[in-house]
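Read through the structure below, which is laid out as structure tokens, and then see the notes.
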Amino acid sequence: MPDIPISDIRPKHFAWRVDAKIATITLNRPERKNPLTFESYNELIETFQKLASTEKIKTVVITGAGDNFCSGGDVHEIIGPLVEMREQKQAERLLSFTRMSGELVKVMRACPQPIVSAIDGVCAGAGAIIAMASDIRFGTPRSRVAFLFVRVGLSGADMGACAILPRIIGYGRAAELLYTGRFMDANEAERWGFYNRLIVPENLLSEATRFARELGDGPTFAHATTKHCLHREWNMSIDEAIESEAQAQAACMETEDFARAYRAFAAKQTPKFEGN
4 MPDIPISDIR PKHFAWRVDA KIATITLNRP ERKNPLTFES YNELIETFQK LASTEKIKTV
64 VITGAGDNFC SGGDVHEIIG PLVEMREQKQ AERLLSFTRM SGELVKVMRA CPQPIVSAID
124 GVCAGAGAII AMASDIRFGT PRSRVAFLFV RVGLSGADMG ACAILPRIIG YGRAAELLYT
184 GRFMDANEAE RWGFYNRLIV PENLLSEATR FARELGDGPT FAHATTKHCL HREWNMSIDE
244 AIESEAQAQA ACMETEDFAR AYRAFAAKQT PKFEGN
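Numbering (my numbering), first residue to last: 4 to 279.
Quick look at the structure:
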């Protein structure tokens, strides 16, 4: 697969910054708590598709502008039009939207780079899904997470939530959140395992970026393999997973980074991975 130049990624509907090996996506409508629109959904999908073929970017950080992460789909720009489609009996267009929104989770999980979400304030609806689909989640003491779909008359079965959320926090806890649509406060989210850690708001992005940089300094092929196996092995038996990981690890042993790490260890040095 050809390497796509970073300059080819130029989104218009969210902020985009590349610093060395780290790409930072900032949902950037702070006056509305950073809701998603049809356009931002499509650009996020396109961006993650391109990231899969962008070798220079090793990790991705997602955050929100202002004091919030993301309030979900924009009420006026997404929810309103969906209600109009319903009233006009346009079932195919409704299905097209739900498939499109689910595609965002698919491309995030297929993206080889580890994704770190830095979550402050409100993280709700599709925003909570973006956080859920990330590999690592950092929150703040004032952050609040809710899978709100039931509150607008929809099921909790949205964008893969019924498959992914129970694997993060457990079936009973996920069922409670998806049935009620209630908010988790920060301490609960950390205790249940949704957050990897809590960080004070003023240090959130810098700590998430520091962590992403540490991952980016690691073995690129090996990290991508870990992410692939974490996702793929959900549907495998233990025996199938062991065979899958045997093949994956053997492939990692063919990389120069593996030999590089051994030589550094033998010389009592810290290995410097180069991604090959």
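Glycine included, every Cβ here is placed at the ideal spot set by N, Cα and C.
The alpha-carbon separation between Tyr265 and Ile9 amounts to approximately 32 angstroms. With respect to the C-alpha of Cys232, the residue from Cys114, Gln52, Leu54, Arg102 having the closest C-alpha is Cys114. When DSSP states are grouped into helix, strand and coil, Arg96 belongs to the helix group.
Straight across, the Cα-Cα distance linking Arg13 with Met162 is about 25 angstroms. Per the DSSP secondary-structure output, Thr66 pairs in a beta bridge with Thr29. Apart from sequence neighbours up to five positions away, the residues of its chain that approach Arg263 with a beta-carbon distance below 8 angstroms are Pro274, Lys275, Phe276, Glu277, ordered along the chain.
Beyond the five residues adjoining it in sequence on each side, Asn206 comes within less than 8 angstroms, by CB distance, of no other residue in the same chain. Cβ-Cβ separation between Phe141 and Val119: approximately 7 angstroms, consistent with a contact (criterion under 8 angstroms).
Note: Trp237 is not bridge-paired with any residue in the DSSP secondary-structure output. Closest option to Thr62, judged by alpha-carbon separation, among Glu106, Ser104, Lys230: Lys230. Close CB contacts of Glu236 within its chain, under the 7 angstroms cut and outside five residues either way in sequence, are with Ala244, Ser247 (chain order). Met187 has Val148 as its beta-bridge partners, per DSSP. Membership of Ile118 in the beta strand (DSSP E) is indicated by the continuous run 118 to 122. Assignment of alpha helix (DSSP H) within the stretch 158 to 215, counting only whole runs of 4 or more residues, yields 164 to 172, 174 to 183, 189 to 194 in chain order. The alpha carbon of Val148 has as its nearest neighbour, out of Gly156, Ala160, Leu168, the alpha carbon of Leu168. Counting along the chain, the unbroken beta strand (DSSP E) around Val125 starts and ends at 125 to 127. When the alpha-carbon of Thr258 is set against those of Pro222, Ser240, Gln250, the nearest one is in Pro222. In this structure, DSSP gives Ala251 a helical state, which the three-state scheme calls helix. By the Cβ criterion, the stretch 182 to 190 is not in contact with the stretch 211 to 228, since fewer than three pairs of Cβ atoms, one from each stretch, lie closer than 8 angstroms. Under the three-state reduction of DSSP output, Phe261 falls in the helix class. Contact between Gly128 and Phe72 is absent: CB atoms are separated by about 11 angstroms, not below the 8 angstroms threshold. Here Thr183 is actually not in contact with Val64; their C-beta atoms are around 30 angstroms apart, not less than 8 angstroms.
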